[in-house]
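**Student:**
Residue numbers (the working numbering), protein chains in the order written: chain X, 47 to 445; chain Y, 47 to 445.
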């Protein structure tokens with residue numbers, strides 16, 4: 047643990063370990079987080095070793111297995127679950143696919159989701175509806191700001207087998223009350239499958255306390271790992287209900303006798319780029335030991351609200367994120383401007399945010415406030431936005 | 047194209063571009079090929095750029111899409127098919143899973159396979175049998191040395207929907223007569239799904255001429271790409287018969303209306319480690335332009351047979367690879383020695399081969415002769431084997 051009494055010294059030091067935060071005001075961990083020097087150096091050293099000594103030395107597969115065990119243990123510690131409950135994936139979307147295809151569906155089975163989901167969840171749900179005749183019920187939860195539990199509860203029927211939704215909404219920044227959702231779901235015998243792309247690493251998550259069933263995590267967003275990494279938590283008592291679909295690790299007799307690997311490893315397709323897995327491990331250790339989970343979650347929470355207040359004070363700008371249920375995502379729109387134009391103009395001014403445009407979901411500009419951001423960057427964002435808005439839409443579109 | 051009139055100069059130059067070939071006599075591309083300097087340098091440069099400029103600059107997703115288009119075009123040129131017929135995967139096994147789960151199976155449907163397949167095919171077949179009630183018929187083709195077509199033909203029934211097998215057998219080195227297998231299969235209305243882990247890059251492959259339906263390729267073996275890369279060819283007229291299962295790219299309305307991406311891209315889970323994809327591209331260009339496909343295939347063929355003859359001349363050693371149907375894989379056993387002991391002893395002597403032990407398939411030692419190997423390495427392998435055998439099994443096991 048790097049113990050730096052002066053918070054300014056600490057943030058300066060940590061920012062120096064994330065070079066991309068020097069290149070731009072980095073407000074987009076919601077897409078990809080900034081990579082750390084330690085992850086990069088670890089990855090490149092491993093790549094160099096592969097080049098020179100080859101990838102076929104005795105013991106190499108055993109060392110990959112041990113490395114993956116270490117990563118699962120780090121995930122278990124971070125998210126409060128068992129190492130054997132994590133399958134390593136390449137993305138949130140893969141984790142959601144694993145869980146959704148692992149259930150044996152019957153025509154007419156129902157899934158409840160919300161009106162605010164990401165295509166990473168919507169697309170596999172649409173495929174299940176198309177291919178297996180499922181019915182998908184969409185609970186309208188507004189921007190995640192109203193009676194979420196009520197809307198979900200009203201969508202449940204005796205055929206509901208799964209409630210599938212995000213923990214933290216990508217297009218509004220709202221944190222959904224997952225503990226209550228799990229309670230309602232389990233009362234009705236339904237599983238809860240969570241798109242955790244935005245929540246994992248952004249807010250504290252205790253999987254065992256939440257009693258959630260499936261939690262699909264991205265490696266490259268708030269965990270700042272290499273892209274193509276991720277994990278899915280599948281609760282230990284669900285390894286018979288959620289079967290492997292795409293499969294690699296198993297003892298198999300071709301006639302149909304199959305003994306999958308123990309634990310969630312059975313769901314892994316395996317074969318990722320090996321140095322990138324070491325990079326992910328290095329990042330998780332760095333976040334835990336040098337940054338500190340409590341510290342970074344607290345800072346995201348604090349800076350997110352500072353950003354909300356800063357933007358809300360700008361004339362003509364509407365912040366759409368519910369302030370009482372937020373962390374680091376701040377979504378907004380500006381009358382007369384498209385979010386695309388705002389995003390593009392800010393990028394020219396050295397500030398990176400993104401827009402979200404996936405109708406019928408809300409089209410908004412989105413600031414993802416990371417723990418590496420500074421108060422100065424947030425006031426700079428506010429000042430630039432005020433200036434852009436004051437100059438009018440023509441000034442932006444004519445560039 | 048590097049044109050070097052002197053073949054010795056050419057091979058010396060090319061070997062210098064594959065540093066792992068200096069560290070050991072590299073006879074194991076059947077597991078992982080040696081990485082090239084150009085692939086490594088490309089990958090590391092891309093990793094460095096990600097670290098410093100971030101992974102969220104405008105246009106980055108478009109550039110990934112264009113990069114993937116370039117890779118599909120290279121694959122199409124190499125394997126004689128259309129770019130739109132390739133989905134980028136992370137492994138052969140993933141490609142096989144995509145095809146096998148893409149079919150809508152009915153209980154009692156049958157798949158014909160062989161007694162010599164790799165777990166990457168056996169395991170998904172066992173899962174289909176277990177989960178969907180398929181019947182898997184195993185054609186006994188010996189070591190791939192007898193009447194392969196007859197054995198496969200005898201296993202076909204009116205319920206046969208798929209013939210799933212390797213083009214080049216991992217545990218015997220035999221090349222199966224794929225064109226005739228396709229003919230028999232199509233005559234009976236069955237698809238041919240091929241495990242091409244060993245064939246792609248080792249032997250010339252013309253997918254359109256073969257009229258094969260699915261061809262699952264590994265990036266990290268004979269194509270010498272980064273691990274976690276691969277591709278699957280799915281014939282253009284099969285995009286309705288083989289449906290997406292795990293899905294990422296589609297336009298979707300959650301009620302079950304789904305418009306997958308055009309072409310085989312619809313089968314991609316996406317999200318690989320971006321620099322590793324650039325590394326794969328660099329490798330494919332290098333193999334095409336600097337090494338030359340015709341030259342390297344010819345050399346593997348020639349050196350493979352030299353290796354066969356060298357090993358067959360050693361007393362007590364039995365080469366099990368059929369010499370009239372081989373390319374670069376040479377499998378053998380030695381009375382009194384386990385293949386494990388032989389492999390381990392050779393490694394100590396600076397020679398890397400591997401053993402294959404996946405009962406009930408054959409347990410053998412396996413030499414994968416690459417185009418980067420030399421006549422001297424092959425005679426060195428022979429001399430060392432003769433010495434090990436002459437010293438007797440006790441000399442090996444006591445070390």
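By construction, the Cβ of each residue, glycine as well, lies at the ideal position given by its N, Cα and C atoms. Note that the coordinates shown come from a computational prediction; the quantities given were computed from them, not determined experimentally.
#1: Helix, strand or coil for residue 242 of chain Y? Go by DSSP, reduced to three states.
#2: For the segment 257 to 270 of chain Y against the segment 292 to 303 of chain Y, are there 3 or more C-beta pairs whose distance is under 8 Å?
#3: Measure the beta-carbon distance from residue 409 of chain X to residue 385 of chain X and round it to whole angstroms, keeping in mind my assumption that it falls under 8 Å.
#4: How about residue 195 of chain Y and residue 371 of chain Y: are their beta carbons less than 8 Å apart?
#5: Could you give the distance in angstroms between the alpha-carbon of residue 442 of chain X and the alpha-carbon of residue 434 of chain X?
#6: What residues from the segment 87 to 99 of chain X come within 7 Å of chain Y, judged by C-beta to C-beta, listed N to C?
#7: So residue 70 of chain X contacts chain Y; which residues on that side make the cut at Cβ distance below 9 Å?
#8: Under a three-way DSSP split, which group does residue 299 of chain X fall into?
#9: Assign residue 362 of chain X to one of two classes, buried (16 or more other C-beta atoms within 10 Å of its C-beta) or exposed (fewer than that).
#10: Could you give the uninterrupted runs of the beta strand (DSSP E) lying entirely in the segment 111 to 152 of chain X, keeping only those of 3 residues or more?
#11: So residue 108 of chain X and residue 309 of chain X are in contact, right, with Cβ under 8 Å, and what is the actual spacing, rounded?
#12: Among Y/379, Y/359 and Y/418, which has the Cα closest to the Cα of residue 333 of chain Y?
#13: Can you list, in chain order, the residues of its chain whose CB lies under 6 Å from that of residue 383 of chain X, leaving out five sequence neighbours each side?
#14: In the segment 134 to 156 of chain Y, which residues sit with their C-beta less than 7 Å from some C-beta in chain X, listed in chain order?
#15: Counting only Cβ pairs nearer than 7 Å, list the residues of chain X close to residue 81 of chain Y.
#16: If you drop the 5 nearest sequence neighbours on each side, which residues of the same chain put their C-beta closer than 7 Å to that of residue 165 of chain X?
#17: Measuring CB atoms only, is the segment 114 to 122 of chain Y touching the segment 192 to 212 of chain Y, in the sense that at least three cross pairs come out at less than 8 Å?
#18: Is it true that the CB of residue 239 of chain X sits closer than 8 Å to the CB of residue 208 of chain X?
#19: At a Cβ threshold of 8 Å, is residue 317 of chain X touching chain Y?
#20: Which residues in the same chain have their Cβ closer than 6 Å to the Cβ of residue 201 of chain X, if we skip the five residues on either side of it in sequence?
#21: For residue 471 of chain X, which of helix, strand or coil comes out of DSSP?
#22: Using a Cβ cut-off of 8 Å, pull out every chain X residue sitting near residue 303 of chain Y, in sequence order please.
#23: Can you tell me which of Y/288, Y/79 and Y/377 puts its alpha carbon nearest to the alpha carbon of residue 272 of chain Y?
#24: Around the Cβ of residue 381 of chain Y, are there at least 16 other Cβ atoms within 10 angstroms (buried) or fewer (exposed)?
#25: Just checking my contact of residue 258 of chain X with residue 224 of chain X at CB under 8 Å: how many whole Å lie between their CB atoms?
#26: First and last residue of the beta strand (DSSP E) that includes residue 412 of chain X?
#27: Out of X/87, X/398, X/152 and X/340, which has the shortest C-alpha to C-alpha gap to residue 102 of chain Y?
#28: As a quick exercise: from Y/192, Y/318, Y/329 and Y/173, pick the residue whose alpha carbon is nearest that of residue 142 of chain Y.
#29: For the segment 276 to 300 of chain X, which residues have a CB atom closer than 9 Å to at least one CB atom of chain Y, in sequence order?
#30: Just list the residues that DSSP pairs residue 107 of chain X with in beta bridges.
#31: With DSSP collapsed to three states, give me the class of residue 201 of chain X.
#32: Which residues in chain X have a C-beta closer than 9 Å to the C-beta of residue 114 of chain Y? List them in chain order.
#33: Should residue 59 of chain Y go down as buried or exposed, given a rule of 16 or more other Cβ atoms within 10 Å for buried?
#34: When burial is assigned at 16 or more other CB atoms within 10 Å of the CB, is residue 114 of chain X buried or exposed?
#35: Please compile the residues from chain X whose C-beta is within a distance smaller than 7 Å of the C-beta of residue 74 of chain Y.
#36: Using a Cβ-Cβ distance under 8 Å, would residue 383 of chain X count as near chain Y?
**Tutor:** Let's see:
#1: coil
#2: no
#3: 6 Å
#4: no
#5: 7 Å
#6: 89, 90, 93, 96, 97, 98 and 99
#7: 99, 100, 102 and 103
#8: strand
#9: exposed
#10: 132 to 135
#11: Not really, about 18 Å apart at Cβ, beyond 8 Å.
#12: Y/418
#13: 439
#14: 136, 137, 139, 140, 143 and 147
#15: 96 and 97
#16: 404
#17: no
#18: yes
#19: yes
#20: 158, 183 and 185
#21: Residue 471 of chain X cannot be examined here, being either before or after the span of chain X that is shown, 47 to 445.
#22: 172 and 176
#23: Y/79
#24: exposed
#25: 6 Å
#26: 410 to 414
#27: X/398
#28: Y/173
#29: 276, 289, 290, 291, 292, 293, 294, 295, 296, 297, 298, 299 and 300
#30: In the DSSP output, where bridge partners are listed per residue, residue 107 of chain X has none listed.
#31: helix
#32: Per Cβ cutoff of 9 Å: no residues; residue 114 of chain Y is ~13 Å from chain X at best.
#33: exposed
#34: buried
#35: 102
#36: no
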